[in-house]
Amino acid sequence: MNREALAQLQAKNPTLPLLPVTAPEFAEYGRLLPQSGAAFLKAAETLKRPAQGSEYLAGVPAFEALPDCAPLSLAVFGGLKTQFGYCHGHNSQLNAAEWHCCSELNIAVTNLVLILGRRSDLKNNWLNTKKMQAFYLPAGTVAEIYATTLHFCPCEVQTQGFGCVVGLPVGTNLPLPEGSEGQGLLFRQNKWLLAHEQNTALLQRGATPGLRGENFTVFYEN
Numbered sequence: 606m607n608r609e610a611l612a613q614l615q616a617k618n619p620t621l622p623l624l625p626v627t628a629p630e631f632a633e634y635g636r637l638l639p640q641s642g643a644a645f646l647k648a649a650e651t652l653k654r655p656a657q658g659s660e661y662l663a664g665v666p667a668f669e670a671l672p673d674c675a676p677l678s679l680a681v682f683g684g685l686k687t688q689f690g691y692c693h694g695h696n697s698q699l700n701a702a703e704w705h706c707c708s709e710l711n712i713a714v715t716n717l718v719l720i721l722g723r724r725s726d727l728k729n730n731w732l733n734t735k736k737m738q739a740f741y742l743p744a745g746t747v748a749e750i751y752a753t754t755l756h757f758c759p760c761e762v763q764t765q766g767f768g769c770v771v772g773l774p775v776g777t778n779l780p781l782p783e784g785s786e787g788q789g790l791l792f793r794q795n796k797w798l799l800a801h802e803q804n805t806a807l808l809q810r811g812a813t814p815g816l817r818g819e820n821f822t823v824f825y826e827n
């Protein structure tokens with residue numbers, strides 16, 4: 606953990622409740638895994654990062670060919686068939702919160718920030734963002750994010766953008782079967798979603814408004 610880098614981020618973001626992922630508070634949202642993420646970081650070097658915006662790939666062959674996948678799948682998903690995908694690009698805002706009926710595996714390819722919440726804090730499908738907590742994950746961090754945790758796209762902490770390997774049971778985040786749209790908060794397969802009430806782009810895509818309060822932005826440049 607680069608404590609100096611974290612301290613600089615905290616100073617630039619006084620309204621963002623930002624802690625290191627090693628803080629005991631993280632135990633409410635997930636756990637750190639002892640496995641190394643080095644092989645995934647190496648494989649990610651072959652993937653070109655979007656120049657603007659973020660991209661999510663449900664499954665990346667370069668990741669899924671790694672022998673490290675099997676023990677991680679067993680540790681987090683009990684051996685269920687798992688897709689190892691990638692979320693990368695550029696993002697600095699909270700914007701929304703999603704959850705799954707299972708944990709999610711995250712491997713930080715770059716230093717990044719996750720802004721997390723608790724499903725138990727939802728009241729009538731609304732959550733004030735002041736109840737959310739941000740965590741700084743250094744590159745190489747391997748973490749399980751619990752099914753009870755609200756999360757969304759990672760936030761970058763450097764101009765080059767962010768990269769995060771995402772492990773989930775096969776089919777998660779893919780489009781819903783034809784004819785099954787309009788299921789309330791269910792936005793994709795095994796993906797329930799609430800948008801920030803100010804996120805007009807996501808609301809126009811059919812997301813349900815559910816976050817109010819500050820739409821946190823992570824500032825990192827001098």
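Every position in the sequence shown, counted from 1, becomes a number in the numbering used here once 605 is added.
Just so it is clear, CB atoms sit at the ideal spot from N, CA and C, and this is done for glycine as well.
A contact between stretches requires three or more CB pairs, one per stretch, nearer than 8 Å, and the stretch 737 to 747 fails this requirement with the stretch 788 to 800. Excluding residues up to 5 positions away in sequence, 722, 723, 726 lie with their Cβ nearer than 8 Å to the Cβ of residue 736 in the same chain. Cβ-Cβ distances below 8 Å link residue 750 to 634, 635, 708, 709, 710, 711, 719, 721, 756 in the same chain, with the five nearest sequence neighbours on each side left out; the list follows chain order. When secondary structure is reduced to three states using DSSP, residue 783 falls in the coil class, being assigned neither helix nor strand.
Sequence-distant partners of residue 812 (beyond 5 residues in either direction) whose C-beta falls short of 8 Å from its own C-beta, in its chain, are 701, 792, 798, 799, 800, 804.
For the options 729, 704, 733, 697, the alpha carbon positioned closest to that of residue 716 is the one of 697. The beta-bridge partner set that DSSP reports for residue 814 consists of 800.
Look at residue 645 here: in three-state DSSP terms it is helix. Cβ contact annotation for residue 681 (same chain, cutoff 7 Å, sequence separation greater than five): 708, 710, 749, 772, in chain order.
Where residue 805 is concerned, the enclosing alpha helix (DSSP H) starts and stops at 805 to 809. In the three-state scheme derived from DSSP, where H, G and I count as helix and E and B as strand, residue 625 is classed as strand.
Taking all protein chains shown into account, residue 766 has 16 or more neighbouring C-beta atoms within 10 Å of its C-beta and is therefore buried. Between residue 820 and residue 661, the C-beta gap is not smaller than 8 Å, which leaves the two residues out of contact.
The Cβ atoms of residue 825 and residue 762 sit closer than 8 Å to each other. According to the DSSP assignment, residue 676 belongs to the alpha helix (DSSP H) that extends over 674 to 682. For residue 651, the closest of 815, 608, 768 by C-alpha to C-alpha distance is 768.
For the 8 Å CB-CB criterion, residue 657 and residue 695 form a contact. Beta-bridge pairing by DSSP links residue 705 to no other residue. In its chain, beyond the 5 residues on either side, 724 have a beta carbon closer than 6 Å to the beta carbon of residue 753. Membership of residue 660 in the beta strand (DSSP E) is indicated by the continuous run 659 to 662. DSSP places residue 611 inside the alpha helix (DSSP H), whose first and last residues are 608 to 617. Spatial neighbours of residue 611 in its own chain (CB-CB distance under 8 Å, excluding positions within 5 residues in sequence) are listed in chain order as 623, 625, 741.
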